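Student: Under numbering that gives the first Met the number 0, the first residue of the sequence shown carries the number 0, and numbering increases by one thereafter.
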Amino acid sequence: MTEKILATISVCESPGFFITAEFSRTGEGMPDGIAAFIAAKLTLIREGSTVRKFVFQEGEWRIIFTFFPTDRVVEERYALKNKVMKRRSQKNDIDDAQ
Numbered sequence: 000m001t002e003k004i005l006a007t008i009s010v011c012e013s014p015g016f017f018i019t020a021e022f023s024r025t026g027e028g029m030p031d032g033i034a035a036f037i038a039a040k041l042t043l044i045r046e047g048s049t050v051r052k053f054v055f056q057e058g059e060w061r062i063i064f065t066f067f068p069t070d071r072v073v074e075e076r077y078a079l080k081n082k083v084m085k086r087r088s089q090k091n092d093i094d095d096a097q
């Protein structure tokens, strides 16, 4: 079902934004309100909201959407970070200190 949801998200018009979806809780059946939810959040952003993370909940589903602008560098607080690289860096710092 998550592939079907991702396909729905991919066809939603979101000019100027790349949208990621994190499934924090899955459910049965297809949630109906995803397209309307995305459209409403894009409207909020265009009206000046600086928030870029929104939580969609319908039935058992809980999906966290993040809207990344495509015309500028992503703000640090929303940047996707490679946790493996970060852990390696911390380990190297510890090894260097010893």
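Even glycine gets a Cβ: it sits at the ideal position worked out from N, Cα and C. Quick caveat, the model's predicted, so the values are computed rather than measured.
Assign L5 to buried or exposed, taking buried as 16 or more other Cβ atoms, counted over all protein chains shown, within 10 Å of its Cβ.
Tutor: That one is exposed.
Student: List the DSSP bridge partners of I45.
Tutor: It should be pointed out that residue 45 corresponds to Arg in this sequence rather than to Ile. R45 pairs with nothing; no bridge assigned.
Student: Taking the continuous alpha helix (DSSP H) assigned at R7, which residues delimit it?
Tutor: The amino acid at residue 7 is misidentified as Arg; the sequence shows Thr. Note, T7: alpha helix (DSSP H), 1 to 10.
Student: Per DSSP, what kind of secondary structure is E21 in: helix, strand or coil?
Tutor: E21 falls in the strand class under three-state DSSP.
Student: Whole angstroms is fine: what's the gap from G32's alpha carbon to A38's?
Tutor: Each residue's Cα considered, the two are about 10 Å apart.
Student: Look up E57 in the DSSP assignment and say whether it is helix, strand or coil.
Tutor: E57 falls in the strand class under three-state DSSP.
Student: Kindly list the residues whose CB is nearer than 6 Å to the CB of K40, restricted to its own chain and excluding five residues on each side of it in sequence; keep chain order.
Tutor: Within the same chain, K40 has close Cβ partners F53.
Student: Name the residue from F55, D70, E74 whose alpha carbon lies nearest to the alpha carbon of A34.
Tutor: Selected option, being the one with the closest Cα: F55.
Student: Mark F17 as exposed unless 16 or more other C-beta atoms lie within 10 angstroms of its C-beta, in which case mark it buried.
Tutor: Burial call: exposed.
Student: Pick from W60, V72, T49, S48: whose alpha carbon is nearest that of G28?
Tutor: Looking at the Cα atoms, W60 is the closest of the given residues.
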